[in-house]
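Numbers 190 to 297, taken from the working numbering, label the letters of the sequence shown in order. For each residue, glycine too, the CB sits at the ideal point set by N, CA and C. Note that the structure is a prediction, hence the values are computed from the model and not measured.
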Amino acid sequence: MNENIALTESTYYILLSLVTPQHGYGIMQRAEMLSHGRIRLAAGTLYGALNSMCEKKWIMLLPVQDGSRKKEYSITETGMKILKAEIERLRELVNNGDMIISGGGQYE
Numbered sequence: 190m191n192e193n194i195a196l197t198e199s200t201y202y203i204l205l206s207l208v209t210p211q212h213g214y215g216i217m218q219r220a221e222m223l224s225h226g227r228i229r230l231a232a233g234t235l236y237g238a239l240n241s242m243c244e245k246k247w248i249m250l251l252p253v254q255d256g257s258r259k260k261e262y263s264i265t266e267t268g269m270k271i272l273k274a275e276i277e278r279l280r281e282l283v284n285n286g287d288m289i290i291s292g293g294g295q296y297e
């Protein structure tokens, strides 16, 4: 698994939303709330991303209850590793930026 993947902001918030199992509309709401409105996922975009992440085994479709039309998804162990690697990558970006901006870092 390549852990040096830079996730899009949408993918990041979808994975983050699925730490707790969610259905599509719940993912859209949570991503918008967590991103303070920057991420507004259209249904087509969301379901395309969900299908792609299912294929990569980052998330999984949970069993559907009889009579229910709602599909719920959850992050997998692989997805959690990807999400944690992204958080570390973002932390490094911020730390480097803070260091350079504050004048405490050398770069050449």
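Rounded to whole angstroms, the separation of the alpha carbons of Ile290 and Ile271 is 28 Å. If only complete runs of 3 or more residues are kept, the region 222-273 shows the beta strand (DSSP E) at 248-250, 261-264, in order along the chain. In the DSSP assignment, Ile194 falls outside any alpha helix (DSSP H) and carries neither an H nor an E. Under a 10 Å Cβ-count criterion, Ile203 is classified as buried, with 16 or more other Cβ atoms of the shown protein chains found around its own Cβ. For the options Asp287, Pro252, Met288, Ala274, the alpha carbon positioned closest to that of Gln211 is the one of Pro252.
Beta-bridge analysis with DSSP links Gln211 to Tyr262. Residue state for Ser291 is assigned as coil, using DSSP reduced to three classes.
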